[in-house]
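Following this note's numbering, the numbering of the sequence shown begins with 890 at its first residue and continues without gaps.
The beta-carbon is built from N, C-alpha and C at its ideal position, and this holds for glycine as well.
Remember, it's a predicted structure, so these values are computed and weren't measured experimentally.
Here the structure comes first, spelled out in structure tokens, and everything after it is commentary.
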Amino acid sequence: LVNDYTRKGYVDGLALRLPTICVRPGKPNRAASSFVSAIIREPLQGETTVCPVSESLRLWISSPATVIHNLSLAATLPAPGEASSINLPGISVTVGEMLETLRQAGGQAARDRVAHQRDEGVEKIVASWPGRIDNQRALALGFVADKRFDDIIERFRQDDMEGRS
């Protein structure tokens, strides 16, 4: 609707497609994407969690802070013209890469808090999402992407971990 109305000149709109947000603060929920944050957040806080998908599954993700920055930037941009829909930048990682980064950040004990219990329903949903997006257009407009997944984990530890002082 935003694209159609912008194209027709009724509104000056910009539709943003967001990557999966990781690591979200808070508690897990019933969303298919909930595990993406849970497999990092819970183990770093000493809790166990379940990974319902294959470690080879590729995800397109962004940190909460980067998404907030990009949403704020979008509000200041002039109308992009015909193509009023933009995929916000993200990074592409496999679940296995995420778990290895968790091990590096939190030790083997943190990694061991993630049990694998495949949920074909969740995996089917998440596997239908893009695991990689061409960021060039968004980056050219001034949007930013996280550099590395370990930076996302470190940002979560600094800003959002429960019990921090």
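- Relative to the Cα of A1034, the nearest Cα in the group N976, G915, S922, E936 belongs to N976.
- In the displayed model, N1024 falls within coil according to three-state DSSP, outside both helix and strand.
- A residue is called buried when at least 16 other Cβ atoms come within 10 angstroms of its Cβ; I1042 meets this threshold and is buried.
- In the DSSP assignment, A904 forms a beta bridge with S974.
- DSSP lists V982 as the bridge partner or partners of L948.
- Taking each of V1003, I1014, G898, P978 in turn and checking the Cα distance to R906, the smallest one comes out for P978.
- For V925, the enclosing alpha helix (DSSP H) stretches over residues 923-933.
- In terms of Cβ geometry, L933 and G995 form a close pair [threshold 8 Å].
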